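In our numbering, the protein residues as written are 12 to 69.
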């Protein structure tokens, strides 16, 4: 079931929560935190717009 769940977040803490739960994470830039800070959290995927989710969900 965990392989069917994706956590999407714009904060490093969001990514860390997903990782601690063992689920895939998607970091999205453009929120409160800088792109570099979101990327540094090492999400499974990094996107810049919600529309970019399409390529991940295929």
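Yeah, the Cβ is synthetic: ideal placement off N, Cα and C, and Gly gets one too.
Every value quoted in this text rests on a predicted model; they were computed, and no experiment measured them.
Per DSSP, the continuous beta strand (DSSP E) segment holding residue 39 begins and ends at 35 to 39.
A distance of 9 angstroms or more separates the beta carbons of residue 61 and residue 35.
Here the alpha carbon of residue 57 sits roughly 22 angstroms from the alpha carbon of residue 12. 25 is the residue among 25, 59, 41, 66 whose C-alpha sits nearest the C-alpha of residue 52.
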